[in-house]
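For reference, the structure is listed below as structure tokens.
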Amino acid sequence: MILHHIQTSAMTDDALTTCLRYIHPTDSVLLSSDAVNCLLQTHWQQALADVKLFVLQDDVIARGLMDRLMITFANNTTSSFDIIDYSQFVEQSLLHDKVITW
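In our numbering, the protein residues as written are 2 to 103.
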């Protein structure tokens, strides 16, 4: 069970694309920094629909995306995510066997 930590924008880097090629059904993905922006795009919402997904709260707030993401995902029945803080990030790091930062 791996926690894949994606930090870079899917618009400028292929880290998320590469990660999703190798992800196992028991793995999780954590989006932080510019990676949180991908949740605004339908393509990435669909690509992440079957993945256990975490999003770092401070990065969502820093980019002014909290309201937009809540509206976008309010009626979305195919994909969802958990918004976590730094202490929950540490907790998830300990719950998973390994963390890979992309």
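Beta carbons are placed, not taken as given, at the ideal position from N, Cα and C, and that holds for glycine.
- Bounds of the alpha helix (DSSP H) holding Ile62 are Gln58 to Ala63.
- Taking the C-beta atoms as reference points, Ile7 is found nearer than 8 Å to Leu32.
- If only uninterrupted alpha helix (DSSP H) runs of at least 4 residues are considered, those enclosed by the segment 21-51 are 43-48.
- Under the DSSP assignment, Leu96 falls in the alpha helix (DSSP H) whose first and last residues are Tyr87 to Leu96.
- Secondary structure of Asp83 (DSSP, three-state): strand.
- One thing to note: Gln58 has its Cβ no nearer than 8 Å to the Cβ of Leu4.
- Apart from sequence neighbours up to five positions away, the residues of its chain that approach Ala11 with a beta-carbon distance below 8 Å are Leu17, Thr18, Ala36, Asn38, Cys39, Gln42 and Trp45, ordered along the chain.
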